[in-house]
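Visitor:
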Amino acid sequence: MVEKSQFKNPEQKKTARIEYLENLAKWHLYSLEMLASLGELHHSASQNGSPDKIFQIANEHLLKIIEFDAVAFYLVDEPDADFILKYGSPEDTQPSLQKEVNRRIDDGSFAWAVNQNRPVMVKSTDGNQNLILHVLSTKRRVRGMFAGLIQAAAPRLEETIQYTLSIILQNTANALESMALYNLFQETNAHLESKIRERTTNLEDHMVKMKEEIAHRKLAEESLWVARQEVESALKAKTDLLTQFNYELKTPINSILDYGEMIRSEIEKLGETSLLESFKNMQTTGRHLLKLIQGMQSSAQTNWQALGPQAQTFKVKEVLEGILVTLFPMARKNNNKMKLKQGPDLGSMVSDELRVRQILLNIIVNACEFTENGKILIETMVENVAGEEWICFRISDTGAGMDPEKARNLFREGSAIQPQSIPFGGTGMGLPFSKRLCAMLGGNIQVKSEVNKGSVFSVRLPRDIQSFIAKQRRNPITPEVKTPTSTYQVLPGSIEEEDPSLKISGSAEVDADESLKKKEICVVDENFDNSNILCHILKGQGWSARPLELSKSTLDKLDREIPDMIIICLGVAGDQGLQLISELGKRESMKSIPILIFSARELGDDEKSLLEGRVQGMMHRGNCTRQELIDQIKSLLRNKSSK
35 MVEKSQFKNP EQKKTARIEY LENLAKWHLY SLEMLASLGE LHHSASQNGS
85 PDKIFQIANE HLLKIIEFDA VAFYLVDEPD ADFILKYGSP EDTQPSLQKE
135 VNRRIDDGSF AWAVNQNRPV MVKSTDGNQN LILHVLSTKR RVRGMFAGLI
185 QAAAPRLEET IQYTLSIILQ NTANALESMA LYNLFQETNA HLESKIRERT
235 TNLEDHMVKM KEEIAHRKLA EESLWVARQE VESALKAKTD LLTQFNYELK
285 TPINSILDYG EMIRSEIEKL GETSLLESFK NMQTTGRHLL KLIQGMQSSA
335 QTNWQALGPQ AQTFKVKEVL EGILVTLFPM ARKNNNKMKL KQGPDLGSMV
385 SDELRVRQIL LNIIVNACEF TENGKILIET MVENVAGEEW ICFRISDTGA
435 GMDPEKARNL FREGSAIQPQ SIPFGGTGMG LPFSKRLCAM LGGNIQVKSE
485 VNKGSVFSVR LPRDIQSFIA KQRRNPITPE VKTPTSTYQV LPGSIEEEDP
535 SLKISGSAEV DADESLKKKE ICVVDENFDN SNILCHILKG QGWSARPLEL
585 SKSTLDKLDR EIPDMIIICL GVAGDQGLQL ISELGKRESM KSIPILIFSA
635 RELGDDEKSL LEGRVQGMMH RGNCTRQELI DQIKSLLRNK SSK
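Note that our numbering numbers the sequence shown so that position 171 is 205, with each residue one more than the last.
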């Protein structure tokens, strides 16, 4: 720097002034270049994460503008808010500089300098040096303190030098803050990366476990699929076996019933009324057996529970009479008396007749099995609960009975009373099966029993099952299926009537109308013997009946001798019969001839749709009586005559 001096002549003074200004301008340019480089150097130093490098760069720049004997940089310790020495140069001067700083801390000069944000100069203790204090602060916080010693005899610090000093130290403070933020960012980033690595590792572990689980599940699914295929194959084999078994049973039973009708017709002609009643009971029992076989066939085609109740209207009285006729031989075998007591307003019931019959059969059979020389009372009554009518059946016996503990377990699956107690009808399911059937029909079953005194079974079923079906399926079943009604003649002494209205009598047969006599009816069946039996029954009614065995030549035989009516009996397969019906519809000579289907099996929906419009009547062989068959034939012949 050029100092001012006194000159004698103005020319010298002017020259000196110009030289001073030029030197000052050079100084300013030098300071600007130094400050410009300081920012870049501090930025590089802050990226290294070490304050020592920042302080070293600041010290080098300070020494370029001021000749310090000693310098020291202090940093604020965040937890304690103390100023800690971090950098000093030269090292041998640090003790004396620290003593001066401690004295200024004691006299408050240090604290006063913290709030000034500019250079603060104080005399040293010995007076030979000056101590310069300058806070290191940013807009956010105080980062530290600078302390430097210069000689007391050194030139006075001009404002431009002080200003440059402040800029260097403020940049130093900003570099320290940048370094702290960068370190914080690095730590946070490292922490996040550690978390990401940890979670990635966990995710990979979970992925491995998930893949293993998926593999196990696929293996389990494949095993289940194989097991399902095996079960379905076994079920199909069982279904095929049961279906074939049912078909094989139904054919001879139908033949027995037909032969029975033929023998009954001959007995009627002979007037042997005592034998006639036995044949009527045989027919009743045979038809019930056919219904059981039909139930087995239905359960073979679909699960018994999944099949659901089949709502139909029937007379409760007729069901009870049929059961009593069926069980008469069993009751007589053990010398038991069955008594029937009917309540008022019993009337009709809308439920599954076959399953209601099976429930009562299972219970009454057990009563017959475990009662000897006793009485079995069957009572019926109507109850009204919350606006709904219930039919109640109460079966009591004077048999062996059982203790209360056995009675409580009676309806559990797999329970049995005695090995020889097998429910009638061949179901083998017993009382637990009856309980399931009661639940299926919306009712319940209870038992009370006492050893050596007998048992009382109570069955409650809704009179109309439609509301129960609506709740179970959400779509009520509305069609009403009328079952064929039959009359039964109970042998004398088998039942003691308590209600005179329960008197049972056989219906007398009525000969065919005079106008319908001599009509020719052709009976076509796969089995010639079956068609011959049916022809014998029809001849007994005054008709001319001609048997025909179903074959390829049947159509030509019918065309040569056109009858007044054709009865086609469909057997197990029924394919030939359906084909014959189709061919008959194509011939003009046969279109006016009424056709009645007399089937040994239930026809499917597809078969019924195929026959619709081609036949005039359809009857199930096991579900109708002889009189119903005769009435249907009369109706079709009358319709033909009126055209």
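By construction, the Cβ of each residue, glycine as well, lies at the ideal position given by its N, Cα and C atoms.
Out of 251, 419 and 171, which has the shortest C-alpha to C-alpha gap to residue 208?
Guide: Checked all of 251, 419 and 171; the closest Cα to residue 208 is 171.
Visitor: Which partner residues of residue 197 appear in the DSSP bridge assignment?
Guide: Residue 197 is not bridged to any residue.
Visitor: Just to confirm my understanding: we take residue 572, look at its own chain, exclude 5 residues before and 5 after, and list those with CB closer than 6 Å. What are they?
Guide: Only 555 and 579 meet the Cβ criterion.
Visitor: Quick check on residue 229: buried or exposed, where buried means 16 or more other Cβ atoms within 10 Å of its Cβ?
Guide: Classification of residue 229: exposed, given that the 10 Å Cβ count is below 16.
Visitor: Considering just the uninterrupted stretch of the alpha helix (DSSP H) at residue 181, what are its terminal residues?
Guide: Element bounds for residue 181: not the alpha helix (DSSP H) but the beta strand (DSSP E), 176-185.
Visitor: Compute the Euclidean distance between the alpha carbons of residue 576 and residue 382, then round it to the nearest angstrom.
Guide: Residue 576 and residue 382: Cα-Cα distance of roughly 36 Å.
Visitor: Taking only runs of the alpha helix (DSSP H) that begin and end inside the stretch 111-147, which ones reach a length of at least 4 residues, in chain order?
Guide: Complete alpha helix (DSSP H) runs here, min 4: 128-141.
Visitor: Any chance you could list the alpha helix (DSSP H) runs of at least 4 consecutive residues sitting entirely within the stretch 253-280, in chain order?
Guide: You should have found no qualifying run.
Visitor: Three or more C-beta pairs closer than 8 Å, one from the stretch 551-568 and one from the stretch 581-594: is that the case here?
Guide: Touching, yes, given that three or more Cβ pairs across the two stretches are closer than 8 Å.
Visitor: Out of 616, 90, 152 and 503, which has the shortest C-alpha to C-alpha gap to residue 194?
Guide: Among 616, 90, 152 and 503, the Cα nearest to that of residue 194 is on 152.
Visitor: Whole angstroms are fine: how far does the CA of residue 650 sit from the CA of residue 660?
Guide: If you take the alpha carbons of residue 660 and residue 650, they lie about 18 Å apart.
Visitor: DSSP state of residue 473, grouped into three classes?
Guide: Reduced to three states, the DSSP call for residue 473 is helix.
Visitor: Would you list the residues sitting across from residue 348 in a DSSP beta bridge?
Guide: 383.
Visitor: Among 371, 374 and 391, whose alpha-carbon lies nearest the alpha-carbon of residue 325?
Guide: Checked all of 371, 374 and 391; the closest Cα to residue 325 is 391.
Visitor: Would you tell me roughly how many angstroms separate the C-alpha atoms of residue 43 and residue 124, rounded to the nearest one?
Guide: So the two alpha carbons sit approximately 47 Å from each other.
Visitor: May I have the straight-line CA-CA distance separating residue 103 from residue 181, to the nearest angstrom?
Guide: Distance between the alpha carbons of residue 103 and residue 181 is about 11 Å.
Visitor: Based on the DSSP output, what are the partners of residue 585 in its beta bridges?
Guide: According to DSSP, residue 585 bridges with nothing at all.
Visitor: Per DSSP, what kind of secondary structure is residue 630 in: helix, strand or coil?
Guide: Reduced to three states, the DSSP call for residue 630 is strand.
Visitor: Let me know the secondary structure DSSP gives residue 643 once reduced to three states.
Guide: It is helical.
Visitor: Could you spell out the range, first to last residue, of the beta strand (DSSP E) harbouring residue 440?
Guide: First-last for residue 440: 438-442, but that is the alpha helix (DSSP H), not the beta strand (DSSP E).
Visitor: Check residue 413 in the structure and name its three-state DSSP category.
Guide: Note: residue 413 maps to strand in three-state DSSP.
Visitor: Is there contact here, the stretch 479-492 with the stretch 422-435, by at least three beta-carbon pairs under 8 Å?
Guide: Yes, the stretch 479-492 touches the stretch 422-435.
Visitor: Looking at the unbroken beta strand (DSSP E) that takes in residue 99, where does it start and where does it end?
Guide: Not the beta strand (DSSP E): residue 99 falls in the alpha helix (DSSP H), residues 85-99.
Visitor: Less than 8 Å between C-beta atoms, sequence neighbours within five positions excluded: which residues of the same chain meet that for residue 241?
Guide: Closer than 8 Å at the Cβ level, and outside the excluded window around residue 241, lies no residue.
Visitor: Counting C-beta neighbours from all protein chains within 10 Å, is the total for residue 431 16 or more, i.e. buried, or is it exposed?
Guide: So residue 431 ends up on the buried side.
Visitor: Look up residue 205 in the DSSP assignment and give the residues it is bridged to.
Guide: DSSP output for residue 205 lists no bridge partner at all.
Visitor: Where does residue 171 fall in DSSP's three states?
Guide: Strand.
Visitor: Which class does residue 160 belong to by DSSP, given the choice of helix, strand or coil?
Guide: Coil at residue 160, not helix or strand.
Visitor: Exposed or buried, residue 692, counting other C-beta atoms within 10 Å across all chains shown (16 or more means buried)?
Guide: In the structure as shown, the chain starts at 35 and stops at 677, and residue 692 therefore has no counterpart that could be examined.
Visitor: Could you tell me the distance, in whole angstroms, from the CA atom of residue 594 to the CA atom of residue 639?
Guide: Whole-angstrom Cα-Cα distance: 33 Å.
Visitor: Counting only runs that start and end within the stretch 548-574, where is the alpha helix (DSSP H) found for 4 or more residues in a row?
Guide: Correct list: 562-573.
Visitor: Going by other Cβ atoms of all chains shown within 10 Å of its Cβ, with 16 needed for buried, is residue 219 buried or exposed?
Guide: Classification of residue 219: exposed, given that the 10 Å Cβ count is below 16.
Visitor: Residues bridged to residue 426 by DSSP?
Guide: DSSP output for residue 426 lists 415 and 494 as bridge partner(s).
Visitor: Have a look at residue 443 and residue 562 and give me their C-alpha separation to the nearest angstrom.
Guide: When rounded, the distance between both Cα atoms is 53 Å.
Visitor: Touching or not, the stretch 464-479 and the stretch 402-419, by the rule of three or more beta carbon pairs under 8 Å?
Guide: With the cut-off at 8 Å, the stretch 464-479 and the stretch 402-419 do not touch.
Visitor: Please determine, among 599, 585 and 648, the residue with the shortest C-alpha to C-alpha distance to residue 615.
Guide: Out of 599, 585 and 648, 648 has the C-alpha closest to the C-alpha of residue 615.
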